[in-house]
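Participant: Before anything else, here's the structure in question.
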Amino acid sequence: MNARDLLPGERILVSSARHWVVLVRPTVTTLLAIAVSLVVLVLLPVPGELRLFLMLGVVLAGLIVLNLYYWGWRACSRTSGSS
């Protein structure tokens, strides 16, 4: 909550932010899912170029998921507080 969102006479008494540790579990699970997916793609009998595109897709999807976790954490860290 920003000061501009308050009514006249209100003020922010407490402000808090989420700790960076909350990102550890989603980051580790996403990286583990990427690693398992890449191992499965290596072991599958798929032609070389298709395998490469699938691996790049897995890495890109993982980066998107990590980015979503990060921006969700940032949004919660910035807009905390009570009136």
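Heads up: take any position in the sequence shown, counting from 1, add 12, and you land on the numbering used here.
Don't be surprised by glycine CBs; every beta carbon is placed ideally from N, CA and C.
(1) Are the segment 66 to 82 and the segment 44 to 53 touching, with three or more C-beta to C-beta distances below 8 Å?
(2) Three or more C-beta pairs under 8 Å: does that hold for the segment 71 to 86 against the segment 36 to 43?
(3) On the three-state DSSP scale, how would you describe V26?
(4) On the three-state DSSP scale, how would you describe G21?
(5) Hey, could you find the ends of the alpha helix (DSSP H) R16 is sitting in?
Facilitator: This is what the structure holds:
(1) yes
(2) yes
(3) V26 sits in a strand when the DSSP states are folded into three classes.
(4) coil
(5) From DSSP, R16 is part of no alpha helix (DSSP H); its letter is neither H nor E.
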